[in-house]
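Asker:
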Ligand SMILES: Cc1cc2nc3c(=O)[nH]c(=O)nc-3n(C[C@H](O)[C@H](O)[C@H](O)COP(=O)(O)OP(=O)(O)OC[C@H]3O[C@@H](n4cnc5c(N)ncnc54)[C@H](O)[C@@H]3O)c2cc1C
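Residue numbers (my numbering): 22 to 300.
1. Within the present structure, is the beta-carbon of residue 61 separated from the nearest heavy atom of ligand 1 by less than 6 Å?
2. Considering just the uninterrupted stretch of the beta strand (DSSP E) at residue 108, what are its terminal residues?
3. Give the secondary structure of residue 131 by DSSP, where H, G and I count as helix, E and B as strand, and everything else as coil.
4. Mind checking whether residue 229 and residue 36 have CB atoms under 7 Å apart?
5. May I ask you to check if the CB of residue 33 is nearer than 6 Å to at least one heavy atom of ligand 1?
6. So, helix, strand or coil for residue 52, using DSSP?
7. Ligand 1 heavy atoms versus the CB of residue 246: any closer than 6 Å?
8. Once you ignore the five residues that flank residue 244 on each side, which residues in its own chain have a CB closer than 8 Å to its CB?
9. Between which two residues does the beta strand (DSSP E) carrying residue 257 extend?
10. Tell me, please, which residues DSSP counts as bridged to residue 294.
11. What's the call for residue 235, buried or exposed, on a 16-neighbour Cβ count within 10 Å?
12. Mind reading off the beta-carbon distance from residue 225 to residue 95? Whole number of angstroms is fine, and I expect it under 8 Å.
13. Can you tell me the Cβ-Cβ gap for residue 274 and residue 30, rounded? I've got them flagged as a contact below 8 Å.
14. Quick one: give me the first and last residue of the alpha helix (DSSP H) that residue 227 is part of.
15. Below 8 Å on the Cβ atoms is my contact criterion, and I expect residue 300 with residue 184 to pass it. Report the Cβ-Cβ distance as a whole number of Å.
16. Straight-line CA distance for residue 240 to residue 117?
17. Ligand 1 and residue 273: does the residue's C-beta get closer than 6 Å to at least one heavy atom of that ligand?
18. Let me confirm a value: residue 72 is counted as buried when at least 16 other C-beta atoms fall within 10 Å, else exposed. Which label applies?
19. Between residue 103 and chain D, is the shortest Cβ-Cβ distance under 7 Å, so that the two count as touching?
20. Apart from the five residues on each side of it in sequence, which residues of its chain come closer than 6 Å, Cβ to Cβ, to residue 161?
21. Can residue 55 be considered in contact with ligand 1, in the sense that its beta carbon sits closer than 6 Å to one or more heavy atoms?
22. Assign residue 211 to buried or exposed, taking buried as 16 or more other Cβ atoms, counted over all protein chains shown, within 10 Å of its Cβ.
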């Protein structure tokens, strides 16, 4: 008998887990509440075409994703294109892609521009992010680039992305952003080059789902997981379309959903998950 797993969530994490487990000989059932796969990376119809619900790009340093694309014979579907950035300040849009753009960014003094350039350059070349996890992005920015750079450039970006949690975000996150985008840049004087799948993320997601299905995985769309309960064979996953039995359950869902699913079976674990602030 093949070992059995249930994967809750049909986004990229769940589909990758299903593909990997099925490749390793497991019997897998994916449970996805929507009628479509993809989660946050899903696409929708627009006119005669399809478009991603949210904008996704791939960077040169996204090694796991690039290896996965290769493994799924999708390397040739990847298109790399320059992705110029801008920064809106006081109603004016400034180009903000290269070192030249930074040097010409008049809202900051020349010393502030140089400090910011140096800090970004150092962050992009460092891989020592662990100590940064002990400080917030705000603290790190105030210390390395000063208050004005923080106010003009970073505070608005952090607030738009993290809302009420902007002040609590770890500097390790900020480092990763700078490092990751840096892996897509050939030189500080050229704009980043970002990768996109021809046909959008849907191309990757569809291929993952197809490969997992070819290896015997079941894809249960329109099926909501309601609760996890221990059973004689491991776990019973109660869903809107009946119970599924498995030795292993992988929850590839947002943390609050995972907390709700495990509330009765694993109260301590659920309360730990539930204590993590979530946007
Ligand atoms: C605006 C935006 C831009 C982004 N840009 C990028 C980018 O450029 N590059 C990048 O790498 N990442 C980007 N991301 C992040 C990326 O989209 C996510 O990290 C990734 O898609 C998360 O995948 P996931 O499978 O972990 O979770 P999700 O995509 O959230 O999938 C979870 C799935 O679980 C399902 N589900 C939830 N509850 C249940 C339940 N009870 N029963 C059954 N199914 C359930 C959901 O319907 C969903 O399909 C972006 C995200 C956003 C919002």
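A virtual CB, placed ideally from N, CA and C, is assigned to each residue, including glycine.
Answerer: The relevant details are as follows:
1. yes
2. 107 to 110
3. helix
4. yes
5. yes
6. strand
7. yes
8. 52, 53, 54, 260, 261, 262
9. 255 to 260
10. Bridge partners of residue 294: none, in fact.
11. exposed
12. 6 Å
13. 4 Å
14. 222 to 235
15. 6 Å
16. 43 Å
17. yes
18. exposed
19. Structure shown: chain D not included; a single protein chain is present.
20. 192
21. yes
22. exposed
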